Each structure stands twice: as C-alpha cells, then as structure tokens.
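Note sheet for the following structure.
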Amino acid sequence: QLRQTMTKFCQEHLAPKAQQIDQENEFKGMRASISCDFWKKLGELGVLGITAPVEYGGSALGYLDHVLVMEEISRASASVGLSYGAHSNLCINQLVRNGNEAQKQKYLPKLISGEHIGALAMSEPNAGSDVVSMKLKADKKGDYFVLNGNKFWITNGPDADVLIVYAKTDINAVPASRGITAFIVERGMPGFRTAQKLDKLGMRGSNTCELIFEDCKIPTENVLGTLSKGVYVLMSGLDLERLVLSGGPLG
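The sequence shown begins at 1 in full-length UniProt numbering and counts up by one.
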C-alpha cells in the first residue's frame, strides 16, 4: 500500500517536472507556496518523519518502509530523492536516535511536517571519505561553542533551516575520531552563512552548497549526543544512511 501510494503521488506530482528541475539546477518545491509545495505534501503523507515516533508527528515505521519511499521518489526524480534522503534520514533520523527530549520537541515537529528543511554537514574540501580529518573547529567559550571553518558538498544546504554539523572540539585527541562533536545549527545563527551553490554534473536539482562558519556561536544545549563523541553519532548513522540511500539507485 505504501509503495502504491508513493508511486502514484510521485508520478503525478514530481516526474513531469524532473527534467526541468535538473535543467534549472534547482528544486523549487521546497519553498513554493503551500498550494504547490511538494515538500509539505510529503509531510502530509507522513513520509518525512517516516521512522520518527508518533508523539513528534512521525509515522513510526521501519527502515524497509523508508527504503521503499526513497526508491519511489528517486524513480520520479533522483535529485529530489537525494534531498529527501538528506532530510528524512541524515537529519531527522539522527535527531530521533541521538537527540534529548528538549531537542526532539524543539526541532522534530516542523521538520516532520515539512515546514522546515533539514541537512547534515560532514564533508569538507579535504575531508570526504576520511571524515575524521575535518578542520571545522569548535572552541568552548562559556555557555557557547564558537565554530570556525567550512563544510562542502552539503545537500539541502541552500535551503536548510536545521543542520547537524560535525566539528572538532578536541584537536589533540588520540585517535582523532575522539575529538569530534555533533551540533545542531539553525539558519540565521550569527556567524553562519551559506556560500556558493554548486553547479553539479548530475542530480542537479538537489540543491547543494558550501557552508561558512565565522565565529559562529552555538549554545551548549545544541550539542547532539555526547561531547567529543560525535564519531559514534556519525558512524552509527552512516550504517543506516547507506541502507536508506540505497533506495535511490534502485529507483
């Protein structure tokens, strides 16, 4: 039933626009008016928070269901499928698995409804697969962490309201993976901005950009998981991300 619903919806509302989305290097359905906002319609279908608990507006379904939805969205548009995976799994599912109660109540409802857009920021120009070599630094200053550096190739970056960002909180940690912390960053926080939008060869409609942090102040309450143990948040999430995102090429 879920596959049938998603196939019908995506073929009617997304597939006819897929070529235009890639040609224009932009998916406008994230920020369109409510009447034609594809993202909010996904929220109404319950698939943005497909693995999230019901109390936050989620559907409390499993990862197989998540893969099926990813597959059918990607069948209609690989670009939008990638944006969906970044939002629903890389951002929402990480908050579900690692957030405290206050963080879940604050961020999940609007992400799940589609009112807000989510992203995850891990990669840097010199830290892709070797992610623990990241250079984005977070220094503790009283009740805040001050972030300096950048992230690159961030899916949904130009549009995101909420981002999970990984940074080094202990540059002397041995091994280096022990000094990484995950943070919840909001659009509009002082010192945080988006930079160049990337003109990609493929999946062009999946809006992607560089993120810049210049003395960006993040409250300590926005640490996701345990301080300097963000690698556990990262690596455990990657296992599930690989599973869910496999629905993209299947579609």
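The C-beta atom is built at its ideal place from N, Cα and C for all residues, glycine as well.
Just so it is clear, the structure is predicted and the values come from calculations on it, not from any experiment.
- Linking Leu68 to Lys141 through their CA atoms gives a straight-line distance of about 44 angstroms.
- Where Gly149 is concerned, the enclosing beta strand (DSSP E) starts and stops at Tyr144 to Thr155.
- For Leu68, the enclosing alpha helix (DSSP H) stretches over residues Tyr63 to Ala76.
- In its chain, beyond the 5 residues on either side, Ile50 have a beta carbon closer than 6 angstroms to the beta carbon of Leu61.
- Taking each of Asp159, Arg97 and Gly251 in turn and checking the Cα distance to Tyr232, the smallest one comes out for Arg97.
- Spatial neighbours of Arg242 in its own chain (CB-CB distance under 8 angstroms, excluding positions within 5 residues in sequence) are not present.
- By the criterion of a C-beta distance shorter than 7 angstroms, Glu72 is surrounded in its chain by Arg3, Met6, Thr7, Cys10 and Gly251, once the five residues flanking it on both sides are discounted.
- Across the structure, Gly99 and Gly128 are spaced so that their CA atoms are roughly 25 angstroms apart.
- Between the segment 211 to 226 and the segment 134 to 148, the count of C-beta pairs closer than 8 angstroms reaches three or more; the two stretches touch.
- Residue range Ala18 to Glu24 is occupied by the alpha helix (DSSP H) that includes Gln20.
- In the three-state reduction of the DSSP assignment, Lys137 falls in the strand class.
- Around the beta carbon of Asp159, 16 or more other beta carbons sit within 10 angstroms, so the residue counts as buried.
- Ile180 and Leu108 have their alpha carbons spaced roughly 23 angstroms apart.
- Between Leu211 and Asn89, the C-beta gap is not smaller than 8 angstroms, which leaves the two residues out of contact.
- By the 16-neighbour rule on beta-carbons within 10 angstroms, Thr208 is buried.
- Beta-bridge partners of Arg193 (DSSP): Ile212.
- The beta carbon of Gly114 sits closer than 8 angstroms to the beta carbons of Asp37, Trp39, Lys40, Lys41, Leu42, Gly43, Glu44 and Leu48 from its chain, once the five residues preceding and following it are set aside; these are given in chain order.
- Where Lys41 is concerned, the enclosing alpha helix (DSSP H) starts and stops at Phe38 to Leu45.
- Nearest Cα to Lys200 within the set Ala121, Ser246 and Thr155: Thr155.
- In the displayed model, Glu221 falls within a helix according to three-state DSSP.
- The segment 84 to 128 is shown to contain whole alpha helix (DSSP H) runs of 4 or more residues at 94 to 98 and 101 to 113, in chain order.
- Inter-residue distance for Ala76 and Ser246 is about 15 angstroms (C-alpha atoms, whole angstroms).
- Spatial neighbours of Asp139 in its own chain (CB-CB distance under 7 angstroms, excluding positions within 5 residues in sequence) are listed in chain order as Phe145 and Val146.
- Here Asp22 is buried: its Cβ has 16 or more other Cβ atoms, across all protein chains shown, within 10 Å.
- With a threshold of 16 other beta carbon atoms within 10 Å, Asn93 meets it and is buried.
- Residues Ala127 of the same chain have their beta carbon placed closer than 6 angstroms to that of Ser133, with the five preceding and five following residues left out of the count.
- Ala15 carries a helical assignment under DSSP once its states are collapsed to helix, strand and coil.
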